[in-house]
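Data first, discussion second: the structure below is written as structure tokens.
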Amino acid sequence: MTPDAGHEARYRAIAADLAAKIRSGQYAPGEALPPQRELSASYGVTLMTLRHALRELSDERLIVQRPGKGTFVAPPHLAYQLDSLRSLVDDLRKQGHDVRTEVIGRAVRRAPAGVAAELRLPPGDSALRLERVREFAGRPAVHQVSWIRRPVADRIRDRDFAAVSLYTALADAGVAVARASEVVRPGLLDAAAARHLHEPPGSPVLVSTRITYALDATPVVSDHATILGSMMEIRTERAATGLSLTWGATS
Numbered sequence: 001m002t003p004d005a006g007h008e009a010r011y012r013a014i015a016a017d018l019a020a021k022i023r024s025g026q027y028a029p030g031e032a033l034p035p036q037r038e039l040s041a042s043y044g045v046t047l048m049t050l051r052h053a054l055r056e057l058s059d060e061r062l063i064v065q066r067p068g069k070g071t072f073v074a075p076p077h078l079a080y081q082l083d084s085l086r087s088l089v090d091d092l093r094k095q096g097h098d099v100r101t102e103v104i105g106r107a108v109r110r111a112p113a114g115v116a117a118e119l120r121l122p123p124g125d126s127a128l129r130l131e132r133v134r135e136f137a138g139r140p141a142v143h144q145v146s147w148i149r150r151p152v153a154d155r156i157r158d159r160d161f162a163a164v165s166l167y168t169a170l171a172d173a174g175v176a177v178a179r180a181s182e183v184v185r186p187g188l189l190d191a192a193a194a195r196h197l198h199e200p201p202g203s204p205v206l207v208s209t210r211i212t213y214a215l216d217a218t219p220v221v222s223d224h225a226t227i228l229g230s231m232m233e234i235r236t237e238r239a240a241t242g243l244s245l246t247w248g249a250t251s
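See below:
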């Protein structure tokens, strides 16, 4: 066996051993692995060999390396489905995930110009602004701001949105949702959302903009969600006929 082959065999064996411990629960999601020097000593290899093994685990999305803090077991990833018309929480709970919602803001305000255009409101008109944070695996993962047009908003503004999804509240108020138009693009975490997601500004995120329409084609909800890229992946189903996903160039 050549020296290079021997090095590769050693770090792959270490990666396989650590992966088995992670998958068996010996190292739990979010838990810190032992320091690199301790791990390299326990496996009897150099730091360079250990770091090759950790790179393998990082590529497999089993660990997250945080400069200055250490190496942590990655949380299980949420799958954001694009092939259904459900609220984010309903979608994730259907997949078996335990998602907690914290309502951090709820008020009727003058809609910003962009939101007013999306909801087709007259300039200066107001709407209900609902701000929530979604927690998954014990940590915040999604910051979401929803604007709901009136008079629909007046019928649902007192609902407990920590326990009830917005789509459920709309249905209970007699608002039939027909469709939604959504764009998801990569972005960087801004300072406002960073405070709620406990990540540094500039971290990679997915940004979802969704407009929900009633049966009469009236836009009733404008949603803006900032999703930590380290916590969620996007999935969609493709069929031989009837495309469910459209790719477009970012501007």
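In my numbering, the protein residues as written are 1 to 251. All C-beta atoms, glycine included, are put in the ideal place defined by N, C-alpha and C.
**Request:** Can you say whether P186 is buried or exposed, counting buried as having 16 or more other CB atoms within 10 angstroms of its CB?
**Result:** Exposed, since its Cβ has fewer than 16 Cβ neighbours within 10 Å.
**Prompt:** Tell me, which residues are paired with P219 by DSSP?
**Reply:** For P219, which the question treats as bridged, DSSP gives the partners Y213.
**Message:** Checking 8 Å against the spacing of the C-beta atoms, do L50 and I14 come in under that value?
**Reply:** In this structure, the beta-carbon distance from L50 to I14 falls below 8 Å.
**Message:** Using 8 Å as the cut-off, can you tell me whether the stretch 209-225 makes contact with the stretch 146-156, which would need three or more C-beta pairs spanning the two stretches below that distance?
**Reply:** Yes, the stretch 209-225 touches the stretch 146-156.
**Message:** Taking only three categories from DSSP, how would you classify T46?
**Reply:** Collapsing the DSSP output to three states places T46 in coil.
**Asked** So, are the CB atoms of G229 and L206 less than 8 Å apart?
**Response** Closer than 8 Å, so yes.
**Message:** Under 8 Å: do the stretch 99-109 and the stretch 132-151 share three or more Cβ pairs, one atom per stretch?
**Reply:** Counting Cβ pairs under 8 Å, three or more are found: they touch.
**Item:** Range covered by the alpha helix (DSSP H) that runs through E118
**Value:** First-last of the alpha helix (DSSP H) with E118: A113 to L119.
**Message:** With H, G and I counted as helix, E and B as strand and the rest as coil, what does DSSP make of H198?
**Reply:** The three-state reading of DSSP puts H198 in coil, since its state is none of H, G, I, E or B.
**Prompt:** Would a C-beta distance cut-off of 8 Å place V220 and S146 closer than the cut-off?
**Reply:** Contact flag unset, no.
**Asked** Is DSSP giving R12 helix, strand or coil here?
**Response** DSSP, reduced to helix, strand and coil, places R12 within a helical segment of the structure shown.
**Item:** R149, enclosing beta strand (DSSP E) - first and last residue
**Value:** Here the beta strand (DSSP E) through R149 covers R139 to R149.
**Burial state of V183, where buried means 16 or more other Cβ atoms lie within 10 Å** = V183 comes out exposed.
**Asked** Would you report the Cα separation of A79 and A127, rounded to the nearest angstrom?
**Response** Low confidence applies to A79: its pLDDT is 45, below 50, so where it sits in the model is not reliable enough to give any reading.
**Item:** V164 (DSSP reduced to helix, strand or coil)
**Value:** Secondary structure at V164: coil, using DSSP grouped into helix, strand and coil.
**Message:** According to DSSP, P186 sits in a beta bridge with which residue or residues?
**Reply:** Residue pairing by DSSP places P186 opposite L206 in a beta bridge.
**Prompt:** Ordered along the chain, which non-local residues of its own chain (more than five positions away) have a Cβ less than 6 Å from that of S84?
**Reply:** Residue placement at S84 is poorly supported in this model, since its pLDDT is 48, which falls under 50; the coordinates are not used for a value here.
**Asked** What residue range is occupied by the uninterrupted beta strand (DSSP E) comprising V133?
**Response** For V133, the enclosing beta strand (DSSP E) starts and ends at S126 to F136.
**Asked** Below 8 Å between beta carbons: does that hold for V73 and P34?
**Response** Annotated as distal: V73 and P34, with beta-carbon spacing of 8 Å or more.
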